[in-house]
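Numbering (this note's numbering), first residue to last: 17 to 220.
The beta carbon of each residue, even a glycine, is placed where N, CA and C say it ideally should be.
Here you go:
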């Protein structure tokens, strides 16, 4: 079998694998088969948060390291862009999950409203950072954005996202293992997308 060398092709194939896996996810007693979109939207937003966290970590390393940090700054920039792709695409998945499971769109739900605001903010931020193309500034912005994101969501009211995690407190190991597998595949897709951004940096 020929090896796939294009990270974009690998990203697309991984996304197809995620969709296929999600279609055969375990059903849940209350939501039935509609719970599959909940699994997918959960994995998608967690992947966005992981990408933002790694972008912040890489940015911090780039800011404090004394040696040549160009590659670290580049990873911070690429991971930040990957994070926003997953964050923005998570929003329609969330809307579909609302409609499929609760027969309506609760657009005023606090965490969804904050997610919309963060999406607009991050798109504008990443677009500006792409245009300015200053590695130090990009790393600093990714670090600050992640800290603000965590503070904002830590204080947000939970209505449709009650803690603790319904999946990991369900006691159903099939569901838990499935969700972990879905997340691992989503993280793999994020890795390939990050490689795409690394290979296509903004022109100087």
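- Between residue 197 and residue 37, the CB-CB gap stays under 9 Å.
- Distance check between residue 144 and each of 133, 131, 158 and 132 places 158 closest, using alpha-carbon atoms only.
- When DSSP states are grouped into helix, strand and coil, residue 65 belongs to the helix group.
- Sorting 193, 155 and 162 by C-alpha distance to the C-alpha of residue 89 places 155 at the top.
- The criterion of a C-beta distance shorter than 9 Å is satisfied by residue 66 and residue 206.
- Nearest to residue 52 by alpha-carbon distance, out of 98, 34 and 64, is 34.
- Take residue 139, set aside five residues on each side of it, and the residues of its chain with a beta-carbon closer than 8 Å to its own are 100 and 104, in chain order.
- Per DSSP, residue 158 is one residue of the alpha helix (DSSP H) stretching across 151 to 170.
- The C-alpha of residue 132 is placed about 15 Å away from the C-alpha of residue 112.
- With fewer than 16 neighbouring CB atoms inside 10 Å of its own CB, residue 171 falls in the exposed class.
- With a 10 Å radius around the Cβ and a threshold of 16 neighbouring Cβ atoms, residue 147 comes out exposed.
- Exclusion of the five residues before and after residue 69 leaves 162 as the residues of its chain whose Cβ lies within less than 7 Å of its Cβ.
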